[in-house]
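Colleague:
Chains as they are written, first to last, in our numbering: chain P, 29 to 311; chain S, 29 to 311; chain A, 29 to 311; chain L, 29 to 311; chain D, 29 to 311; chain B, 29 to 311.
1) Is it buried or exposed for residue 230(L), if we count other Cβ within 10 angstroms and need 16 for buried?
2) In this structure, does DSSP put residue 186(P) in helix, strand or coil?
3) Can you check whether the C-beta of residue 84(L) is within less than 8 Å of a C-beta belonging to chain A?
4) Pick from 292(P), 32(P), 222(P), 77(P): whose alpha carbon is nearest that of residue 161(P)?
5) Would you list the one or two residues that DSSP bridges to residue 74(L)?
6) Comparing the C-beta of residue 107(B) with each C-beta of chain S, is any distance below 8 Å?
7) Just how far apart, CA to CA, sit residue 113(L) and residue 184(L)?
8) Should residue 32(P) be flagged as near chain L, meaning a C-beta pair shorter than 8 Å?
9) Along the chain, which unbroken stretches of the beta strand (DSSP E) at least 3 residues long are found entirely within the region 73 to 129 of chain L?
10) Going by the DSSP bridge assignment, what does residue 228(L) pair with across the sheet?
11) In terms of alpha-carbon separation, which member of 109(D), 102(D), 59(D), 90(D) lies closest to residue 304(D)?
12) Of all the residues that make up the region 165 to 188 of chain A, which are near chain S by a beta-carbon distance shorter than 8 Å?
13) Scan the region 260 to 293 of chain S and note each continuous beta strand (DSSP E) run of 3 residues or more that stays entirely inside, going in chain order.
14) Which value, in whole angstroms, describes the spacing of the CA atoms of residue 103(L) and residue 74(L)?
15) So which residues of chain A does residue 200(L) contact, with C-beta pairs closer than 8 Å?
16) So which residues of chain A does residue 35(D) contact, with C-beta pairs closer than 7 Å?
17) Do you know how far the Cα of residue 137(S) is from the Cα of residue 131(S)?
18) Classify residue 266(S): buried if its beta carbon has 16 or more other beta carbons within 10 angstroms, exposed otherwise.
19) Kindly provide the ranges of any alpha helix (DSSP H) runs that are 4 or more residues long and lie completely inside the region 132 to 213 of chain S, ordered along the chain.
20) Return no unless some Cβ of chain P is closer than 8 Å to the Cβ of residue 54(L).
21) If we cut at 8 Å on Cβ distances, does residue 298(D) have a partner in chain L?
22) Can you look up residue 53(B) in the DSSP assignment and give me helix, strand or coil?
23) Who are the Cβ neighbours of residue 262(P) in its own chain at under 7 Å, not counting the five residues just before and after it?
24) Inspect the CB distances between the region 166 to 184 of chain D and the region 196 to 205 of chain D and report whether three or more fall short of 8 Å.
25) Pick from 290(A), 167(A), 284(A), 115(A): whose alpha carbon is nearest that of residue 155(A)?
26) Between the region 56 to 67 of chain L and the region 63 to 77 of chain B, are three or more C-beta pairs nearer than 8 Å?
27) Name the chain S residues that come within less than 9 Å of residue 191(P), Cβ to Cβ?
28) Using a Cβ-Cβ cut-off of less than 8 Å, list which residues of the region 217 to 251 of chain B approach chain L; keep chain order.
29) If contact means a Cβ-Cβ distance below 9 Å, which residues of the region 266 to 286 of chain B contact chain S?
30) Find the residues of chain L that neighbour residue 130(A), judging by a C-beta separation of less than 7 Å, and give them in chain order.
31) Below 8 Å CB to CB, which residues in the same chain sit around residue 92(B) once its five sequence neighbours on both sides are set aside?
32) For residue 116(D), I'd like the list of residues in its chain whose CB is within less than 8 Å of its CB, leaving aside the five on either flank, ordered along the chain.
33) I'd like to know if residue 76(S) contacts chain A, where contact means its C-beta is closer than 8 Å to some C-beta of that chain.
34) Mind pulling the chain P residues with CB within less than 8 Å of residue 43(L)?
35) Between which two residues does the alpha helix (DSSP H) carrying residue 298(B) extend?
36) Return yes when the Cβ of residue 94(L) is within less than 8 Å of the Cβ of residue 120(L), no when it is not.
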């Protein structure tokens, strides 16, 4: 249940991608060698195991070029599938199927890659209460879609943009004249529906934050598990704790076991490996 | 000398990325805690070594929000830099610098990641004549930019889209009734400025292609080095040869040493790891 | 200090407005009767007293048609001005000044109207701690600008859109099976940076909310001052309280004096009267 | 019979409004607490009496998010309805109905507000031949829609933009060297399908206009009823007369009774009060 | 003095044209063979005599790719020039000059072609009072620009679109039940700033129109000079007369000499021959 | 079989054209005089003989305004038709049929004009092997559509943009230091799927090109038939030859008979005469 995928954003993104692949002259190869009217049937197949995201975008790629194309989805976004799983079928003119193929697969591959990378971290922390959150380190132009893919992988979303919540970093603290001052100013300025998070590097800073009050969430940046554990003890539930920095498949379980509430990862969006999805076509 | 970066595409991409990060309310944190008019100086710094791509996009992010921002670029796209290298400086209002930061870095990180992944393959084949080429497996919406990043990394570009050249695959061959027939049809239909490439899986198919004539380039798909070497021998310069499939940092040298002309990699665009670039800010 | 006004949104909004006023043929009157090259000097003057919002949009209207136009702003957004106050001057070709006039004034009039309506409510509650907040009942297409105008008038912003915060209404409660259930589900689903508000119509519902926990803000809908006062007593600071419904210039002080934290008004955006601003032109 | 509503303008306006309300994450509340697939039935109800405008826009808001949504309109734009009138019904997924609700209502509320304000003036002058016309003082970005709403309210449209007709004002007269000269120049420059209107402040100016000839319409600016009556007598049908300035619900009948042909009002577009329209939802 | 050229329309049109010429990879030829930084000087030269239109668009093409390009215009739109006339000079990087060349020339060639075709008709009727007007038969997407080019050539503009004026044709007459009825209905529905034109094929119809009253302009469709002359006599100044149909360089003088006020030509926009304009480049 | 017409480009072009014709108020004539709901039947008829192109665009114009409109196409793009041929029928509300009429016809007229001009040249060279190719001298904004129309007329396409192929002209040769140097540089820089064409003015230059090698195509610019014939002899099949310059209906056969492979014409796109297509309407 990965939730919302704005259909207006989907349509705009797929249009732009089709436009950059079709260019001014379209699929010159198929136009040259395949007679007009030739029908094609194709299966969308996951070549590797992973968590799927992006099927509605793939479907839209075919539909925008041929509204009457026949599409059947055999899987849903968020499904974990084995290598070789047929995710859906498409039937239409060969020209349409081949013209939309790469656009459909590029969305599926990228978004499923993000979902799969997220799911891998989520699986490592399943025995803890920690949740995996994404960051704003997303591919330019694809933020809403990649955040959706994170949810498909079982992660949760951090800020969608700079306007979502207050996140105070070291520069803000320095300019404002310290943690107490910056939190006071933030609380004063924030709307009543805006949460405040503050990033700290040391336990001394955390102590200052707890003393000052006014923070909903504290980001513990680049702390080792022992320090994180101590931070959890100090906070004792008064604030939500988010660990960030140095999060890898190898390190994430130890981080989660410290008792932090959230663990954020930029890599699940900015460095996810593509999931290999292909189109098996019969004409 | 990575060549052309269409300024109209740059502006549109950066606008879209700023729009998705700023949302409707902008950088609510900085607006809350940093007094209007506060100036900031920042250095754009590569945290890891790599090949840089995307500096003009980073610069555009700052300029679109504040035309009078002071920017100095200390590196150029295509430069190979060590960890810690200062790539440029920016000075402007703190609100601008912080509002454009993530957009600038997301472009730099992604495109430098592509350039760095490309450069890694290029380095492994430097002792051969083989060139590394990218594919159409790019991030939706970023094709022109990622193709540019490939050039920054020393690679060369394959088709930019379906309309660039004819590339005949197995489905086309099947529909057309065989290699000879498909090449005849392609030659007949292609404009005089359009090259023809055909993908083969076996040496028998290669032989058929060579006998038929009419192909400018042959893509040798998923062949092991021994087979590739034999393909090179068979072709003996009559067609350009491109190896694809199974191209990794470990395998690429052996592939290149077979004598093929080009080696194509989808991974340099669809699975490149982000290069860590950061903004060090002083206010 | 009304804060952020996204320059990309400003430019797009002004372009669209100029486009709809200039049409395909432009200012046919001035083109017919004023010789090319004729210069005009104009003062932007508030004909009525009020709170100003939209000066950067007015300036952009002139600049987009003539980059070299000379503009001097004599007031700032958020200023309270008397009738007759000169807000700025513009000098350029008569054709530009007259072609941009209505677009500039339409933005100024509408946004200053919103700011002035907001400021009127703010003034009535100045002796209390209550803050005036706007809603999502804004003019289609102008939300970010009208929210900015609210801040110019001393108000604060509620949600910018459906994606900003969770706001649970009667339908949500009914579907979820009651207040306790809906709050549990919301808390479970909400990101850690997302606040939760719930709307109640009765004190009994408020009691249920307080007992259930999990709400950051409670919206007290259409309660009279006596009931609001009791609600404040019941909540005793455990949640933030927002009064909504029946908010008018006459009623707002009594509502504020009950001790609620926020008072929301749709009228300040959806029914604000235009502030009369004019251009006095000399050629 | 309010006439034309360009479907391309409708679609673009509704897309933009949905986009600003849904943001990057959509209706996070409903997504959190309402199970996917839940159906909702809703009635669009006018809470206050008034003249309706905008039903096609409301319908489009639902359809763009869910093409298969069931919509039934029980009223038409231009209808005068009593408080409590059901204007239409909508049935679809609860997520769609709730996500499109505010966008649909914001259009209906604003446009019906304009129509109702227009109809109020129209009713006051029904015993005369005078017609109520709107101006270019419209909400930026909504001109075509607000002009349509004016027609729904029984008004007629003045210029849609600067390019529609020639309207000579005091500055034009001054630059051209007087009324006779400006009319001559305008007549010379105007296309044969372009009408000419000129604004006068005094009866002396009107006399000059009548003597000069060449004007199709004269705008009588800010004249009291006695002066208007004299103007009507002087013109004796030779030109169309339009009264402007000081037009209110209280003053409009007296103005109309002077015999002028048209009475223009900026307030019906720039200061119309929202008509309260709501969605009554059952799930 | 060809009047207004909306700078927002100019910029959008030139961006679109550059985009379709540069594609995803830009000017691959110049990038391949001309070193970065090479400067070029070029003269824009009319290879044939004609009337110039489009210089601001040509200038914009260069400026959008290189804001600092040096441009000097030696002619103005509307100028009649001899073959070989230098219209302007441009200096910038060779890459910019060559990349913008075709876009600049395509605008200049097409619009100057329209201006020249218009001027040819205008010259043939210079001894009469008749004016040459264009129609809505323009190149899709270029209407505002081609209407401007018509003015550059000395013509005047008819309707810019369907919304400019009422133009009653045979179908309208048939549906409405005759000329008298259609004119009554049009007069009733038209705004007071909207003129009414009606098309007639016979003198009998003209008589009916004159008897009915209410038409500002009558279009005399496909009448020979003798019939036109009789129409002029019948109308004797009561309506403006426009001749249309069969307008060629050979026929136009005879048509004009009948005394009609306007002569409309679709060919000056839909079938204008390109004016040969070139760029002479020195590097 | 004119091949591909990108449906996304079609929709965008038709939307833009409808937008510029409908303006803000739509077809005010039909709205004034034709009752809502009136149905119209219309036939799209070619008034002159020619080659048809653009029927899908015409159909889209009606469908965008009224999705349920009934359309039947009786001809296909690429068909050669006699004067009076009915190309299709359309039935819908009279308001839709009349509002879309001009947009539909402007596309059909222009594109059929290009197709017809192309077909005329093609017919003159039918006894030779020469093919007619178009250039980049197309109407700004319509390149993909005009290139499609060229194919409808039996022509083939040259470069769609600057990024399609390398085309070396005199300036490139001069900067690079001669033909040999420029070809070496081009070959070095070109991707393996990019062809290289070089323009020569003299046989001496051709000899240099042939000696240097590396060119796929040679453009013979402005040579007379005797010289062309000698060029064909010299090349003896080693390169593809394209003749350009001075190509008219009168000259093209002689050029083709020299044995060149391609003959390029700018006139078929930049100076094509509109084909007269009309809508015969019955209501």
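Ideal placement from N, C-alpha and C gives every residue a C-beta, glycine not left out. Small disclaimer: the values here were computed from a predicted structure and weren't measured.
Modeller: In this structure, then:
1) On the fourth chain, residue 230(L) is found 202 positions in, with the first residue counted as 1. Result: exposed.
2) The residue labelled residue 186(P) in the question sits at position 158 within the first chain. Note: residue 186(P) maps to coil in three-state DSSP.
3) Counted from its first residue, the fourth chain places residue 84(L) at position 56. Taking Cβ atoms only, chain A never reaches closer than 8 Å to residue 84(L), which makes this a no.
4) Numbered from 1 along the first chain, position 133 holds the residue referred to as residue 161(P). Comparing Cα positions, the closest option is 292(P).
5) Here residue 74(L) corresponds to residue number 46 of the fourth chain, with the count starting at 1. According to DSSP, residue 74(L) bridges with 305(L).
6) Taking the sixth chain and counting its residues from 1, the one referred to as residue 107(B) is at position 79. By this cut-off, residue 107(B) is not an interface position.
7) Looking up residue 113(L) in the fourth chain gives position 85. Looking up residue 184(L) in the fourth chain gives position 156. The alpha-carbon atoms of residue 113(L) and residue 184(L) are separated by roughly 26 Å.
8) If you number the first chain from 1, residue 32(P) lands on position 4. Judged by the 8 Å Cβ criterion, residue 32(P) is in contact with chain L.
9) 98 to 101, 114 to 121
10) Position 200 of the fourth chain, counting from 1, holds the residue named residue 228(L). Looking at the DSSP assignment, residue 228(L) forms a beta bridge with 248(L).
11) Walking along the fifth chain from the start, residue 304(D) turns up at place 276. Minimum Cα distance to residue 304(D) is reached at 109(D).
12) 171, 172, 175, 185, 188
13) 268 to 272, 290 to 293
14) One-based indexing of the fourth chain puts residue 103(L) at position 75. One-based indexing of the fourth chain puts residue 74(L) at position 46. Spanning the two alpha carbons is a distance of roughly 11 Å.
15) Here residue 200(L) refers to the residue found at position 172 when the fourth chain is read from its first residue. The contacting residues are 57, 58, 61, 62.
16) As a working note, residue 35(D) is residue 7 in the fifth chain. In chain order: 93.
17) Taking the second chain and counting its residues from 1, the one referred to as residue 131(S) is at position 103. Taking the second chain and counting its residues from 1, the one referred to as residue 137(S) is at position 109. For residue 131(S) and residue 137(S), the distance between alpha carbons rounds to 10 Å.
18) Here residue 266(S) corresponds to residue number 238 of the second chain, with the count starting at 1. Residue 266(S) should be labelled exposed.
19) 171 to 180, 198 to 204
20) Translated into the one-based positions of the fourth chain, residue 54(L) becomes position 26. By this cut-off, residue 54(L) is an interface position.
21) As a working mapping, residue 298(D) is identified with position 270 in the fifth chain. It does not: the Cβ of residue 298(D) has no partner Cβ on chain L nearer than 8 Å.
22) Residue mapping note: residue 53(B) aligns to position 25 of the sixth chain, counting from 1. In the structure shown, residue 53(B) sits in coil (DSSP, three-state: anything other than H, G, I, E or B).
23) The count along the first chain starts at 1 and reaches residue 262(P) at position 234. Cβ within range, chain order: 231, 234, 235, 238.
24) no
25) Taking the first residue of the third chain as position 1, residue 155(A) is located at position 127. Comparing Cα-Cα distances from residue 155(A) to each of 290(A), 167(A), 284(A), 115(A), the minimum goes to 284(A).
26) no
27) Indexing the first chain from 1 puts residue 191(P) at position 163. The answer, in chain order, is 49, 50, 51, 52, 53, 54, 55, 56.
28) none
29) 268, 270
30) Your numbering for residue 130(A) matches position 102 in the third chain. Result: 164.
31) One-based indexing of the sixth chain puts residue 92(B) at position 64. Closer than 8 Å at Cβ, skipping near neighbours: 39, 42, 43, 46, 128.
32) Translated into the one-based positions of the fifth chain, residue 116(D) becomes position 88. Same-chain partners within the cutoff: 71, 72, 83, 86, 87, 99, 100, 101, 102, 103.
33) Here residue 76(S) refers to the residue found at position 48 of the second chain. It does not; no Cβ of chain A falls within 8 Å.
34) On the fourth chain, residue 43(L) is found 15 positions in, with the first residue counted as 1. Simply 36.
35) What you label residue 298(B) is simply residue 270 of the sixth chain in a count that begins at 1. It spans 295 to 298 - the alpha helix (DSSP H) in which residue 298(B) sits, taken as one unbroken run.
36) On the fourth chain, residue 120(L) is found 92 positions in, with the first residue counted as 1. On the fourth chain, residue 94(L) is found 66 positions in, with the first residue counted as 1. Yes.
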